[in-house]
Amino acid sequence: MSRRPTDPTRRLGLIAVAVALAAALGVAGARLGGRGRGSGIAVTDTFRCRCGAEYRVSGADRHRVHWPAGASEAEPVLDDRCTSCGTPLPAGHADRAA
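Just so you know, the working numbering puts 20 at position 22 of the sequence shown, and the rest follows in order with no gaps.
Below, the structure is given as structure tokens:
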């Protein structure tokens, strides 16, 4: 069997699909690459407790996560209180508005 010649319209369509896919992958890569500290965790804020302890903060409301300033992303604060003095850490909209 012989192959029929490729239709130029079909070839252009395949090229357009490949370009669109490459652009989508580029956008996805840029979004993932822009996250905080190369871990995929977007660090959005910092917090300083009354005692002077500093924290990195990501997320909002009940999804908020705190890390002591020098800790790795694998070592978040597992409690809702400052690790130094026990003061409650901010947890939501009311804390941000105050």
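Even for Gly, the Cβ is constructed at its ideal location relative to N, Cα and C. Note that the coordinates shown come from a computational prediction; the quantities given were computed from them, not determined experimentally.
Taking the Cβ atom as the reference point for each residue, do residue i and residue j lie within a distance shorter than 8 Å?
i, j, result
"Thr44", "Ser56", "no"
"Thr85", "Pro66", "no"
"Leu87", "His61", "no"
Can you tell me whether residue i is helix, strand or coil according to DSSP?
i, result
"Pro88", "coil"
"Arg79", "strand"
"Pro74", "coil"
"Asp59", "helix"
In terms of residue numbering, what span does the beta strand (DSSP E) encompassing residue i cover?
i, result
"Ser56", "52 to 56"
"Asp43", "43 to 46"
"His64", "63 to 66"
If you drop the 5 nearest sequence neighbours on each side, which residues of the same chain put their C-beta closer than 8 Å to that of residue i?
i, result
"Gly36", "Reliability of the predicted coordinates at Gly36 is poor, the pLDDT of 47 falling under 50, and the value obtained from them is presented with this limitation in mind. Here the set comprises nothing."
"Cys83", "Cys47, Arg48, Cys49, Ala51"
Can you find the residues in the same chain that come closer than 7 Å, C-beta to C-beta, to residue i, ignoring five residues on each side of it along the sequence?
i, result
"Arg8", "none"
"Pro6", "none"
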